[in-house]
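Enquirer: The structure that follows is given in the form of C-alpha cells.
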Amino acid sequence: MAKVAKAVRGMNDILPEEAHQWQFFERTVQDWLAMYGYRSIRTPIVEHTDLFVRSIGEVTDIVEKEMYSFVDHLNNDRLALRPEGTASCVRAVIEHNLLYEGPQRLSYSGAMFRHERPQKGRYRQFHQVGVEALGYSGPDIDVELIVMCARLWQMLGITGLRLEIGTLGSMESRALHRAKLIKYFEQNVKHLDEDASRRLHTNPLRILDSKNPKMQSVIEQAPRLIDDLDEASRIHFETLQFMLREQDVQFEINLRLVRGLDYYNRTVFEWVTDRLGAQSTVCAGGRYDGLIEQIGGKPAPACGFAMGVERLLALVHQCGKEIMPPIPDAYIVHQGKQAMSFAWKTAELLREAGCQVILHCGGGGFKSQMKKADVSGARYAIIIGDDEALAGEVTLKPLRVATDQTRIDLHAIGDLIKT
Ligand code: ATP
Ligand code: MG
C-alpha cells in the first residue's frame, strides 16, 4: 500500500462538519463590515520578506522565529508567507495610491502563517479577519473600531470578553522610555533570561511582553511609559477613555500592554477571554501612525485590529451558540428509466424556485434510497416512479412530521415545499 499522505503539522483541514460554522462566521462578518462601511481588500499570500521585516520589526518573535521566509530559487527573490495582514494592506494602499481619494476604511480576511509550536488555539496556518482605518488620526476612529468589535461579539453570540486598552505614546516618548528601560534592565541584567538579554539593546520594550514567570517581578518594577507620556498622546488616551465611557463600553487599562509588532504607537487594545486557556487573546490592534511613511508612503495616521478566527469560533462554541448546518428542502428518490429523466427535471425546477434539493445518484431500490433521504435531514422526500413520470406528477412525503404522502402535479410542489 502506498504511504498515506498527511497535511503539514499545524495546518488544519476544515471538514464539512465544521465548515458551516466558518460560513456562518463569514456571513456575519460580511454583514457587520457592511454595517460600518468597511470595504474589502484582497492581497497576495506571498510578499517580499523585506516588507514584513521593515514593518513588523527585525527584532520581534514573528520576524525572528515565526515567519516562513524562503528564497524563490527560480529568480532568487526573498519571499515570505504573510504572518499578518496589516503590512500587506498598507503596502497595497501605498502602491495603488488609495489615500489620494481620502481616508479609507478597509478590511481583509484569510490565512496567515507563523512557525509556532502547534497547540490548541495556536496553529501554523491560521485565519484572521482584519480591519484597517487609514488616514484617520483618531481617537474617534479608535473608538469606532472598538465599538465595532463589541457589536460583532454580540452578533456572534459571544459573551464575557474583556477589553484591555493601553497607550504606547509617540515615537519620542517611546524613545525616552526605551532609554530608561535599557538603563533599568542593564542594572537588573542578572534577572533576565537569554531572550531578554539579547534584546536588551535592540528591543527592550519586547522584554515587557515576556511570558517567563521568573522575569515577572523585574518586569513589574520596570519604568512605566505612562510616566513619560507626551502631552498629545495623554490627551488622545484620555479622550479615548471618555468616548468609550460615553458609548457604555467597559474596559480595563493595562499599562503593560505591549503588542508583538513594532509598528504600534498610542492606542493599543486587546479583547481577552478566560474561556480558552492560555490562548486568551482573540482580537488585538491599535494605532500605527508611522507605518505608512516607514514603508514608503506619504505620512498618514492609521489604526486597525486583527482577530483570530479559530479562537473566535472556539469561543462561539463555548458560549453555547448552536449553528445549524443548512437543511435540504427535499431529497428526490427515483426508480425507472423515465423516472430518472423526470427526477432531473423536477430537481432543476425546484432549484429554480429557490429550493435546496438533493437528487439521489447511484441507483438502488426505493427502500435504501428512502433511508438516504432520511439521513440527509431533508424535510421532504419526493418519490418518482415511471407511473408518476408518465402522469407528470410526483409523490411528496413529509419526513419530519407524521403526515401522509400526497401525489401532486410537478408544477405545484415548489410552492408547497417552500411554505
Ligand atoms: P499571541 O499573543 O496569542 O501569540 P499575537 O499577539 O501574536 O497573539 P497578533 O499578531 O496580534 O497575535 O494577531 C491577532 C490575533 O490573531 C490574535 O489575537 C489571535 O487571536 C490570532 N493569532 C495569532 N497567532 C495565531 C496562531 N498561531 N494561531 C491561531 N491564532 C493566532
Ligand atoms: Mg504570537
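Counting in the working numbering, the sequence shown runs from 3 upward without gaps.
The beta-carbon is built from N, C-alpha and C at its ideal position, and this holds for glycine as well.
Because the structure is a prediction, the values reported are computed rather than measured.
1) Where R44 and Y110 are concerned, what is the direct C-alpha to C-alpha distance, given to the nearest angstrom?
2) Measure the beta-carbon distance from G306 to T88 and round it to whole angstroms, keeping in mind my assumption that it falls under 8 Å.
3) Would you say the stretch 123 to 140 touches the stretch 199 to 214, given that touching needs at least three Cβ pairs under 8 Å?
4) Could you give the distance in angstroms between the alpha-carbon of A177 and the alpha-carbon of D33?
5) With a threshold of 7 Å (Cβ to nearest heavy atom), would D63 be considered close to ligand 2?
6) From M157 to D230, what distance separates their C-alpha atoms?
7) For R226, I'd like the list of residues in its chain whose CB is within less than 7 Å of its CB, leaving aside the five on either flank, ordered along the chain.
8) So, helix, strand or coil for R93, using DSSP?
9) Give the straight-line distance between the Cα atoms of G159 and F27, rounded to the nearest whole angstrom.
10) How long is the line joining the alpha carbons of G112 and V131, rounded to whole angstroms?
11) Near R180, which residues of its chain fall below 7 Å by C-beta distance, leaving aside the five closest residues on each side in sequence?
12) Can you list, in chain order, the residues of its chain whose CB lies under 6 Å from that of E295, leaving out five sequence neighbours each side?
13) Are the stretch 44 to 58 and the stretch 16 to 31 touching, with three or more C-beta to C-beta distances below 8 Å?
14) Buried or exposed: where does S235 fall if 16 or more other Cβ atoms within 10 Å of its Cβ makes it buried?
15) Please list, in chain order, all residues of the same chain as R201 whose beta carbon is under 8 Å from its beta carbon, the five residues on each side excluded.
16) Return yes when the Cβ of S90 is within less than 8 Å of the Cβ of E49, no when it is not.
17) For D291, collect the residues of the same chain with a Cβ closer than 6 Å to its Cβ; drop the 5 residues on either side in sequence, then sort them by chain order.
Expert: Working from what's here:
1) For the purposes of this step, residue 44 is identified with residue 42 of the sequence shown, where counting begins at 1. For the purposes of this step, residue 110 is identified with residue 108 of the sequence shown, where counting begins at 1. Looking at the two C-alpha atoms, the distance is approximately 6 Å.
2) Residue numbering aside, residue 306 sits at position 304 when the sequence shown is read from its first letter. Residue numbering aside, residue 88 sits at position 86 when the sequence shown is read from its first letter. That pair is a contact at about 6 Å.
3) no
4) Working through the sequence shown from its first residue, we reach residue 177 at position 175. Working through the sequence shown from its first residue, we reach residue 33 at position 31. So the two alpha carbons sit approximately 41 Å from each other.
5) Looking up residue 63 in the sequence shown gives position 61. Yes - ligand 2 has a heavy atom lying nearer than 7 Å to the Cβ of D63.
6) Position 155 of the sequence shown, counting from 1, holds the residue named residue 157. Position 228 of the sequence shown, counting from 1, holds the residue named residue 230. So the two alpha carbons sit approximately 39 Å from each other.
7) Counting from one through the sequence shown, the residue named residue 226 turns up at place 224. So the list reads L257, once near-sequence residues are dropped.
8) Taking the sequence shown and counting its residues from 1, one reaches residue 93 at position 91. It is helical.
9) Along the sequence shown, one-based indexing puts residue 159 at 157. Along the sequence shown, one-based indexing puts residue 27 at 25. For G159 and F27, the distance between alpha carbons rounds to 11 Å.
10) As a first step, residue 112 is located in the sequence shown; it is residue number 110 there, counting from the start. As a first step, residue 131 is located in the sequence shown; it is residue number 129 there, counting from the start. If you take the alpha carbons of G112 and V131, they lie about 7 Å apart.
11) Walking along the sequence shown from the start, residue 180 turns up at place 178. These residues qualify, in order along the chain: P206 and L207.
12) As a position in the sequence shown, residue 295 is number 293, starting the count at 1. Cβ within range, chain order: P301.
13) no
14) Taking the sequence shown and counting its residues from 1, one reaches residue 235 at position 233. S235 is buried by the Cβ-count criterion.
15) The residue you call residue 201 lines up with position 199 of the sequence shown. These residues qualify, in order along the chain: V61, R208 and I209.
16) Here residue 49 corresponds to residue number 47 of the sequence shown, with the count starting at 1. Here residue 90 corresponds to residue number 88 of the sequence shown, with the count starting at 1. Yes; because the gap between Cβ atoms is below 8 Å, this pair is in contact.
17) Taking the sequence shown and counting its residues from 1, one reaches residue 291 at position 289. Excluding positions up to five away in sequence, the list reads N267 and P303.
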